[in-house]
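First the structure, in the form of structure tokens, and then the observations on it.
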């Protein structure tokens, strides 16, 4: 087992132990560990996807939690194909990610930084989906949380990346994420999303995945903000799945989907 494999497994184990401890029977013990939770359910419909059925409806469950050791983000997508099964005969598919991060500031008992850099973290991600050979990956690296004016949050993670069914940690990935609330004409909106860049490695081409959401806060004017949102997701994925350019075949997603989201 390589050093990166060992570090990846230890990071996931540590996050799992702390998260599991929150299920302890005493509320005080759980509250000492858990600092905040943001759970979202999102329904989305869209089309013109490439390298898979072109139209689909997707239900996403996702959660961000802050702990006294760091933070954890996870999501699961369940997609149903609207125009028939895929090449393997499947009428639906699923995909998920689990991403724990261990905070140097929290673990050392220091307050978050007040300058540009708020915190530095050990970051890991496990990716897995229905097509395990295509989707299963392990990532381990470092994350940085930033203090940026006007942003709800902004962070960057740099990983060593291992496509599990293709070999060792032979490439790297940069992930940027952020969110910002803003108001226009008395209406409240939220923009959030991510950018992934994966360098070439193994049999895979480099790929760039950009996916922001622009959402209108439906309940802000009635005194119930941050519950129901409606909007659009812009989806751009250059060299999707790391597929190299193929003459006569489109390998880049450029789509717009309608979304409805409930936050808890």
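Residue numbers (mature numbering (1 follows the signal peptide of the UniProt record, and there is no 0)): -30 to -1, 1 to 234. Heads up, the beta-carbon is just placed ideally off N, CA and C, and yes, glycines get one too.
For residue 177, the number of other beta carbons within 10 angstroms of its own is at least 16, and it is reported as buried. Using a C-beta cut-off of 8 Å, the stretch 68 to 84 makes contact with the stretch 38 to 52, since at least three inter-stretch Cβ pairs fall below that distance. DSSP, read as helix, strand or coil, puts residue 105 in helix. According to DSSP, residue pairing for residue 232 in a beta bridge involves 11, 198. Look at residue 83 here: in three-state DSSP terms it is coil, with no helix or strand label. Fewer than three pairs of CB atoms, one per stretch, sit closer than 8 Å, so the stretch 151 to 158 makes no contact with the stretch 131 to 141. Comparing alpha carbon positions, the residue from 6, 201, 214 closest to residue 15 is 201.
Annotated three-state conformation of residue 22 is coil, per DSSP. Cβ atoms of residue 111 and residue 128 come within 8 Å of each other, at about 5 Å. The beta carbon of residue 190 is closer than 6 Å to those of 158 in its chain, skipping five residues each way along the sequence. Sequence-distant Cβ neighbours of residue 175 in its own chain, meaning closer than 8 Å and more than five residues away, are 209, 212, 213, 214, 215. Segment contact: the stretch 161 to 171 against the stretch 179 to 187, three or more CB-CB distances shorter than 8 Å; contact assigned. By the Cβ-count criterion, residue 82 is exposed, with fewer than 16 other Cβ atoms from all chains shown falling within 10 Å of its own Cβ.
In this structure residue 228 is exposed. Its beta-carbon is surrounded by fewer than 16 other beta-carbon atoms within 10 angstroms.
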